[in-house]
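Trainee: Numbering (UniProt numbering), first residue to last: 1 to 348. Shown below is the structure under consideration.
Quick look at the structure:
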């Protein structure tokens, strides 16, 4: 792999050029060439794929670089190896023309499996950082490679979701991303003017008004804020395990506790206490005691209700039975009387 370095007043640019095979060394070659050749021979086969990655770093920076996931490239298998390979997703062997390979982890995938994987990610809204489908691979797929494996409609949806995640603000009526930064948001797509704080039509009064509180109570089950970045999230079915597309924070929809500390036993029946107890922390003892008291009280109320129902049910059933019997007898007498009148009319 050849490296070229270009210097500028304030930055270094490192380009990774396409891999070129190294010829066998000859006695005339210098010792420097002999020391570089083994590194080139040891390079994995996937390095032969075309790559053009540019890394820009400040020239005078002395701080250690932050760890960043590598940019992954899904390239056609025919560019790497023409032999049939096993797909790392469906575990079926396919011809090279139907496969693509990862330049990061060395895995191979069917074109259909990659397309399905990317479409599911886009449909679920997880477009901020789509990782390589290879097992344990943390490399991020670029928009260029995603475009080459999905349909035009899915890629357009991918770009729209990326813009929403980037801006962090969308128009409530139409869902299109907006660039307004103030409280008054004007959407160029649907021409609606809304409040950037509460999402309601723009109003001069504060969002803490009674009407706003009423609206929030009505939409509490469908719209909630991410506990980590406080971006509003709208839920349409599914389980309670949520992943914020803005910051990728995983939490429970009911109690909004981080998913790695979440327990169903303390969450599902008592999620309504979360808004009153978040300041105490999800594991605060006082919150656990409060939930236990509520559970005991709810159980007692349920037991009393069952007892009252069991005591009232027999008299009510008896009353309804007697009432129905009297009604049937009265109806039978009326029918007999009507038949007698018809017989008299026929005899006359």
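A virtual CB, placed ideally from N, CA and C, is assigned to each residue, including glycine. What you are looking at is a predicted structure, and each value in this text was computed from that prediction instead of being measured.
May I ask you to verify whether the stretch 242-255 touches the stretch 219-233, counting CB pairs closer than 8 Å and requiring at least 3?
Mentor: yes
Trainee: Would a C-beta distance cut-off of 8 Å place residue 127 and residue 161 closer than the cut-off?
Mentor: Going by beta carbons, residue 127 and residue 161 fall inside the 8 Å limit.
Trainee: Do you know whose CA, among 125, 261, 113, lies nearest residue 236's CA?
Mentor: 125
Trainee: Going by DSSP, what residue range makes up the alpha helix (DSSP H) through residue 113?
Mentor: 111-123
Trainee: Relative to the C-alpha of residue 114, which residue among 83, 196, 103, 132 is closest?
Mentor: Considering only alpha carbons, the answer is 132.
Trainee: Could you name the residues of the same chain whose beta carbon sits closer than 8 Å to that of residue 137, not counting the 5 residues immediately before and after it, in chain order?
Mentor: 72, 102, 104, 105, 107, 131
Trainee: What did DSSP end up calling residue 240 once you bin it into helix, strand or coil?
Mentor: coil
Trainee: Pull up the DSSP beta-bridge partners for residue 201, would you.
Mentor: 194
Trainee: Within 10 angstroms of its Cβ, does residue 337 collect 16 or more other Cβ (buried), or is it exposed?
Mentor: exposed
Trainee: Would you call residue 84 buried or exposed, if buried means 16 or more other Cβ atoms sit within 10 Å of its Cβ?
Mentor: exposed
Trainee: Inspect the beta-carbon positions of residue 263 and residue 254 and report whether they are closer than 8 Å.
Mentor: no
Trainee: State the Cα-Cα distance for the pair residue 327 and residue 309, rounded to the nearest angstrom.
Mentor: 26 Å
Trainee: Three-state secondary structure (DSSP) at residue 261?
Mentor: helix
Trainee: So, are the CB atoms of residue 154 and residue 122 less than 8 Å apart?
Mentor: yes
Trainee: At the level of alpha carbons, what is the spacing between residue 183 and residue 295?
Mentor: 42 Å
Trainee: According to DSSP, is residue 155 part of a helix, a strand, or is it coil?
Mentor: helix
Trainee: Closest by CA to residue 147, which one among 334, 119, 92?
Mentor: Closest option to residue 147, Cα to Cα, is 119.
Trainee: Quick one: using the 10 Å Cβ neighbour count with 16 as the cut-off for buried, is residue 322 buried or exposed?
Mentor: exposed
Trainee: Thinking residue 202 and residue 193 are a contact (beta carbons under 8 Å), I'd like their distance in whole angstroms, please.
Mentor: 5 Å
Trainee: With distance defined between alpha-carbon atoms, name the residue in 197, 200, 170 nearest to residue 188.
Mentor: When only C-alpha atoms are compared, the closest one is 170.
Trainee: Among the candidates 149, 315, 129, 139, whose CA atom is the shortest distance from the CA of residue 163?
Mentor: 129
Trainee: Mapping the DSSP letters down to three states, classify residue 149 as helix, strand or coil.
Mentor: coil
Trainee: Are the beta-carbon atoms of residue 97 and residue 86 separated by less than 8 Å?
Mentor: In this structure, residue 86 does not lie closer than 8 Å to residue 97 by Cβ.
Trainee: Once the 5 residues before and after residue 196 are set aside, which same chain residues still bring their CB inside 6 Å of it?
Mentor: 183, 185
Trainee: Excluding five sequence neighbours on each side, which residues of the same chain lie with their C-beta closer than 6 Å to the C-beta of residue 172?
Mentor: 194, 199
Trainee: Can you check which of these residues, 140, 142, 143, 151, is closest to residue 112 by C-alpha distance?
Mentor: 151
Trainee: Let me confirm a value: residue 88 is counted as buried when at least 16 other C-beta atoms fall within 10 Å, else exposed. Which label applies?
Mentor: buried
Trainee: For residue 186, name the three-state secondary structure that DSSP assigns.
Mentor: If DSSP states are grouped into helix, strand and coil, residue 186 belongs with the strands.
Trainee: By how many angstroms is the C-alpha of residue 299 removed from the C-alpha of residue 325?
Mentor: 39 Å
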